[in-house]
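Asks:
Residue numbers (our numbering): 51 to 560.
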């Protein structure tokens, strides 16, 4: 039911109408009054394309079903209706749940609906505000007819099929031609996110710049844009994105660090008129011949340096910057210090261990944390999340205290605890200082702490901490004594009584 109406209000309205006019017309009017808002609420969000299929009449969509490893084709909806009903209850996505392997699947479009048959589809399409268009099986075509669902919709509308659509999440593999975007992108679209089906990620060979150019000229009102690995970014694609007049939030997710970032020197600057929120995620999903993929991150930040970025999020997965690139990355982030409100940097995951361990053949490539500190301090008080858990650091207590003083509101702080080359002189005094300085801290990662310093070793003399830290990770080396591990966990339980305390090789819960 519509959220503005309660059950009591509905019953009161029905009782009032029945009291005034005790006939069937009154009941019909009451049903009509509440039918429209109820259906508008029900069709506000369509998170699966399968919800649209029952709107088409019998004979438009063909289905198939697998039984005992044999495939049977169902000619119409009537034969599929009984077994398909349970599948439609939860609107489960195509091919993602083993328990539905025997459910009928859309095979192809048998014929185009007549103008009269489009009436029901139009009625509900006008109500859709959020649409998730996924399922490559919907685009399988019959050998004779060769029609897909988008084909018949495009041939009927020749324009946006969902005129009130504000949010679109689309599988790039389902959009075979740029003309299909005219169906899915109305002029008032506010948010667009691309994704691709996990079973067919290797098939992402669609036009990229042409699609972005079409989006630019058909949906000038886009405020949020998320581009994932199905759209490879080149210089032309970035120029097009920079021309979007209303773009405020931009999220780029790539597995190659701008795979076609060819001849970047042709770009002097990217002028995003109103960009405020920038999110960059880079992760190598397979072996690439890229010497330093993080250098493209630095280059991109330099290109957008004129923008007044307020929210900056950078995450590198399975990639490792060289020491020089890491310095340059922090310096590039500091360019936005005058406008930044929140800033996040994360570098990590397992493959980084192998990359960091062989830098230039150096046996102990630990980076002095004091060298990173000036660039970190240049971010002023905007830094809220700093995750360098896989970076080999050499941390001194004085450097950590300087960081704590500059960022009392930091929420995530992880410093090299997952890298075996990390070195530190931190003691239990430092964890006490963290609990007293950073009251909003939610996640903390540190190398194993050494013996307590004199004067503050016995924390039991202090009042019990009320800190709300949720997770604490200690980096445990092979030569770490068990007594040191026990002392670290005892200190953690006192300073952070609500935290889950862990080390690299074991998990200890309070």
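From the three backbone atoms N, C-alpha and C, an ideal C-beta is built for every residue, glycine too.
(1) Could you pull the start and end residues of the beta strand (DSSP E) that residue 364 belongs to?
(2) Am I right that residue 328 and residue 300 are in contact with their C-beta atoms under 8 Å? What's the rounded C-beta distance?
(3) Within this structure, are the beta carbons of residue 218 and residue 199 separated by less than 8 Å?
(4) Of all the options 396, 424, 210, which has the alpha carbon lying nearest to the alpha carbon of residue 439?
(5) Counting only runs of 3+ residues fully inside the stretch 271-304, write out the beta strand (DSSP E) ranges in chain order.
(6) Out of 366, 245, 176, 100, point me to the one whose CA is closest to residue 279's CA.
(7) With distances taken between CB atoms, is the gap from residue 281 to residue 298 smaller than 8 Å?
(8) Counting C-beta neighbours from all protein chains within 10 Å, is the total for residue 517 16 or more, i.e. buried, or is it exposed?
(9) On the DSSP bridge assignment, give the partners of residue 62 in chain order.
(10) Distance cutoff 8 Å, beta carbons only. Does residue 446 sit that close to anything in chain B?
(11) Give the DSSP-derived three-state secondary structure of residue 479 in the structure shown.
(12) Using three-state DSSP, classify residue 550 as helix, strand or coil.
(13) Taking 8 Å as the limit between beta carbons, can you name the residues of its chain near residue 240, skipping five residues before and five after?
(14) Going by DSSP, what residues sit across from residue 180 in a beta bridge?
(15) Using the beta-carbon count (16 or more within 10 Å), is residue 235 buried or exposed?
(16) Could you check what DSSP says for residue 468 in three-state terms: helix, strand or coil?
(17) Leaving out the 5 sequence neighbours to the left and right, which residues in its chain are closer than 6 Å to residue 552 when beta-carbon positions are compared?
(18) Going by CA-CA distance only, name the one from 349, 180, 437 that's closest to residue 493.
(19) Please name the residue in 541, 546, 535, 537 whose C-alpha comes closest to that of residue 521.
(20) Which residue's Cα is closest to the Cα of residue 287: 350, 203, 88?
(21) Spatial neighbours of residue 213 within its chain, please: CB distance less than 7 Å, with the 5 preceding and 5 following residues excluded, ordered by chain position.
(22) So residue 545 is in the alpha helix (DSSP H); what residue range does that whole segment cover?
(23) Between which two residues does the alpha helix (DSSP H) harbouring residue 204 extend?
(24) Taking residue 446 as the reference, give the member of 479, 106, 333, 462 with the closest Cα.
(25) Can you tell me whether residue 358 is buried or exposed? The criterion is at least 16 other CB atoms within 10 Å of its CB, across all chains shown.
(26) Leaving out five residues before and five after residue 355 in sequence, what residues of the same chain have Cβ atoms less than 8 Å from its Cβ?
(27) Could you check how far apart the C-beta atoms of residue 344 and residue 304 are, in whole angstroms? I think they sit under 8 Å.
(28) Around the Cβ of residue 163, are there at least 16 other Cβ atoms within 10 angstroms (buried) or fewer (exposed)?
(29) Which of the three DSSP states, helix, strand or coil, is assigned to residue 521?
(30) Would you call residue 548 buried or exposed, if buried means 16 or more other Cβ atoms sit within 10 Å of its Cβ?
(31) In angstroms, rounded to a whole number, what distance separates the CA positions of residue 268 and residue 296?
(32) Give the DSSP bridge partners of residue 234, in chain order.
(33) Excluding five sequence neighbours on each side, which residues of the same chain lie with their C-beta closer than 8 Å to the C-beta of residue 475?
(34) If you draw a straight line from the alpha carbon of residue 428 to that of residue 223, how long is it in whole angstroms?
(35) Enumerate in chain order the residues of its own chain whose CB-to-CB distance from residue 205 is below 8 Å, with the five nearest sequence positions on each side excluded.
(36) Beta carbon of residue 233, beta carbon of residue 180: below 8 Å?
Replies: So, from the data block:
(1) Start at 1 with the first residue of the chain shown, and residue 364 comes out as number 314. Segment 361-367, the beta strand (DSSP E) holding residue 364.
(2) Numbered from its first residue, the chain shown carries residue 328 at position 278. Numbered from its first residue, the chain shown carries residue 300 at position 250. Contact holds; Cβ gap of about 6 Å.
(3) Position 168 of the chain shown holds residue 218. Position 149 of the chain shown holds residue 199. Not a contact, by the Cβ cut-off of 8 Å.
(4) Here residue 439 refers to the residue found at position 389 when the chain shown is read from its first residue. Cα-wise, what sits closest to residue 439 is 396.
(5) 274-277, 299-304
(6) Translated into the one-based positions of the chain shown, residue 279 becomes position 229. Nearest option by C-alpha distance: 245.
(7) Stepping through the chain shown from its first residue, residue 281 is reached at position 231. Stepping through the chain shown from its first residue, residue 298 is reached at position 248. Not in contact: residue 281 and residue 298 (Cβ atoms no closer than 8 Å).
(8) For the purposes of this step, residue 517 is taken as residue 467 along the chain shown, with counting starting at 1. Answer is buried; the Cβ neighbour count reaches 16.
(9) Working through the chain shown from its first residue, we reach residue 62 at position 12. According to DSSP, which records beta bridges pairwise, residue 62 is partnered with nothing at all.
(10) Absent from the structure: chain B. Only one protein chain is present.
(11) Along the chain shown, read from residue 1 onward, the residue named residue 479 stands at position 429. In the structure shown, residue 479 sits in a helix (DSSP, three-state: H, G or I).
(12) In the chain shown, counting from the first residue as 1, residue 550 sits at position 500. Of the three classes helix, strand and coil, the one that applies to residue 550 here is strand, per DSSP.
(13) As a working mapping, residue 240 is identified with position 190 in the chain shown. Result list for residue 240: 216, 217, 271, 272, 273, 274, in chain order.
(14) By one-based count along the chain shown, residue 180 stands at place 130. Note: residue 180 sits in a beta bridge opposite 95, 217.
(15) Taking the chain shown and counting its residues from 1, the one referred to as residue 235 is at position 185. Under this definition residue 235 is a buried residue.
(16) What you label residue 468 is simply residue 418 of the chain shown in a count that begins at 1. Coil.
(17) Mapped onto the chain shown, residue 552 falls at position 502. Result list for residue 552: 523, in chain order.
(18) Within the chain shown, the letter at position 443 stands for residue 493. Per the Cα distances, 437.
(19) For the purposes of this step, residue 521 is taken as the residue at position 471 of the chain shown. Residue 521 has its Cα closest to that of 546, out of 541, 546, 535, 537.
(20) The residue given as residue 287 occupies position 237 in the chain shown. Of 350, 203, 88, the residue nearest in Cα terms is 350.
(21) Looking up residue 213 in the chain shown gives position 163. Answer for residue 213: 176, 236, listed in chain order.
(22) The residue given as residue 545 occupies position 495 in the chain shown. 532-545 is the span of the alpha helix (DSSP H), which, as asked, contains residue 545.
(23) Sequence index remark: in the chain shown, residue 204 carries index 154 (1-based). Its alpha helix (DSSP H) spans residues 199-207.
(24) As a first step, residue 446 must be located in the chain shown, where it is residue number 396. Nearest option by C-alpha distance: 479.
(25) Here residue 358 refers to the residue found at position 308 when the chain shown is read from its first residue. So residue 358 ends up on the exposed side.
(26) Residue mapping note: residue 355 aligns to position 305 of the chain shown, counting from 1. The answer, listed in chain order, is 319, 382, 385, 386.
(27) Counting from one through the chain shown, the residue named residue 344 turns up at place 294. Counting from one through the chain shown, the residue named residue 304 turns up at place 254. Incorrect: roughly 12 Å between the Cβ atoms, too far for contact.
(28) Mapped onto the chain shown, residue 163 falls at position 113. Counting Cβ neighbours within 10 Å, residue 163 comes out buried, since at least 16 surround it.
(29) Position 471 of the chain shown, counted from the start, is the residue given in the question as residue 521. Strand.
(30) Here residue 548 corresponds to residue number 498 of the chain shown, with the count starting at 1. Residue 548 comes out exposed.
(31) As a working note, residue 268 is residue 218 in the chain shown. As a working note, residue 296 is residue 246 in the chain shown. Near 13 Å, if we compare the C-alpha coordinates of residue 296 and residue 268.
(32) Residue mapping note: residue 234 aligns to position 184 of the chain shown, counting from 1. Its beta-bridge partners do not exist; DSSP assigns none.
(33) Counting from 1 along the chain shown, the entry for residue 475 is found at position 425. Once the five neighbours on either side are set aside, the close Cβ partners of residue 475 are 445, 446, 447, 500.
(34) Within the chain shown, residue 428 is the residue found at index 378, counting from 1. Within the chain shown, residue 223 is the residue found at index 173, counting from 1. Residue 428 and residue 223: Cα-Cα distance of roughly 43 Å.
(35) In the chain shown, counting from the first residue as 1, residue 205 sits at position 155. Excluding sequence neighbours, residue 205 sits near 162.
(36) For the purposes of this step, residue 233 is taken as residue 183 along the chain shown, with counting starting at 1. For the purposes of this step, residue 180 is taken as residue 130 along the chain shown, with counting starting at 1. Not in contact: residue 233 and residue 180 (Cβ atoms no closer than 8 Å).
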